[in-house]
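Novice: In terms of our numbering, the sequence shown opens at residue 479 and continues consecutively.
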Amino acid sequence: MRRRRHRRQTAEAELNITPFLNLMIVLVPVLLLSMVFTQTRILELSFPQAGERLDEMVENKQELALYVVIRDGSLEVGDRNGGVLQRFEPKAEGEPDFAGLRELLKGVKERFPETRDIRLLAGSETDYQTLVTTMDTVRGYPEFVATDVVTAELFPEIALGDAPAPAGEEAGS
479 MRRRRHRRQT AEAELNITPF LNLMIVLVPV LLLSMVFTQT RILELSFPQA GERLDEMVEN
539 KQELALYVVI RDGSLEVGDR NGGVLQRFEP KAEGEPDFAG LRELLKGVKE RFPETRDIRL
599 LAGSETDYQT LVTTMDTVRG YPEFVATDVV TAELFPEIAL GDAPAPAGEE AGS
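(1) So is GLY585 in contact with chain B if we call contact Cβ pairs under 9 Å?
(2) Does the region 611–621 come into contact with the region 556–572, if we say contact requires no fewer than three beta-carbon pairs (one atom in each stretch) closer than 8 Å?
(3) Buried or exposed: where does ALA528 fall if 16 or more other Cβ atoms within 10 Å of its Cβ makes it buried?
(4) Could you spell out the range, first to last residue, of the beta strand (DSSP E) harbouring LEU579?
(5) Would you report the Cα separation of ALA543 and THR593, rounded to the nearest angstrom?
(6) Enumerate in chain order the residues of its own chain whose CB-to-CB distance from LEU499 is below 7 Å, with the five nearest sequence positions on each side excluded.
(7) Give me whichever residues DSSP pairs with VAL623 in a beta bridge.
(8) What are the residues that DSSP puts in a beta bridge with ARG549?
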C-alpha cells in the first residue's frame with residue numbers, strides 16, 4: 479500500500495498596507511505644512527571682549543560710536559566720544575519709547591550714513607522682550623516705497639553688553 483502524502487494547503491497571507499498608506503497620506507502633508515510655520519531667525523551679534531575698557535574702546539573706534547543703555551524702562555542713546563545724545567523716559571504704561579528711539583536713530587543715520595554698528599547695553603533687570611524689541615528698533619524701520627513696505631537699514635551690526643552702573647551707584651550693588 480502506498481501512503482498518500484497529504485500536502486497541507488497553506489494559505490498565503492496578503493500583506494495589507496492600506497492603513498500604512500492612509501497614515502502616510504495624512505502625515506506627509508501635515509509635516510510639510512508645519513515646516514513653513516517653524517522658521518527660525520538668526521541674528522548675528524558680537525560680544526565685547528573680556529576686559530575691554532571704555533577708554534580703550536574710545537581710542538580704537540571711529541568718530542561715531544553709538545550705544546543704547548536699557549535700564550528700568552528708559553532708553554539712553556549716546557556716543558562714546560560725545561556723551562549722551564538723548565534720554566527717553568518710559569511711557570505711562572512703563573514701556574520704553576521705541577518710536578522716539580527710532581526717530582532719533584533715523585536722524586543720526588542721515589548724518590552718518592556709513593556707520594553700521596551700535597552697542598546695546600542692558601541692565602540686569604531688562605526683560606527679554608524689551609531687549610529683542612530694542613534690537614529690532616535699532617536694526618531698521620519699515621518704509622513705504624511705491625506700494626511696497628521695505629525695511630530701511632539703520633544700524634544692523636549689533637553688539638551686546640552689560641549696562642554700566644547708574645550714576646551715584648557702585649558697580650555690584
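Backbone N, C-alpha and C define an ideal beta-carbon position, used for all residues, glycine too.
Specialist: Reading it off the structure:
(1) Protein chain content of the structure displayed is limited to a single chain, and chain B is not contained in it.
(2) no
(3) As a first step, residue 528 must be located in the sequence shown, where it is residue number 50. Residue confidence is low: ALA528 scores 46 on pLDDT, short of 50, so the model does not pin down where it sits. Its coordinate-derived value is still stated next. Note on ALA528: under 16 other CB atoms within 10 angstroms of its CB, so exposed under the neighbour-count rule.
(4) Position 101 of the sequence shown holds residue 579. Per DSSP, LEU579 belongs to no beta strand (DSSP E); it is in the alpha helix (DSSP H), 576–589.
(5) If you number the sequence shown from 1, residue 543 lands on position 65. If you number the sequence shown from 1, residue 593 lands on position 115. C-alpha separation (whole angstroms): 9 Å.
(6) Numbered from 1 along the sequence shown, position 21 holds the residue referred to as residue 499. Nothing meets the Cβ criterion.
(7) Counted from its first residue, the sequence shown places residue 623 at position 145. The partner list for VAL623 (beta bridge, DSSP) reads ASP626.
(8) Against the sequence shown, residue 549 aligns to sequence position 71. Bridge partners of ARG549: SER552.
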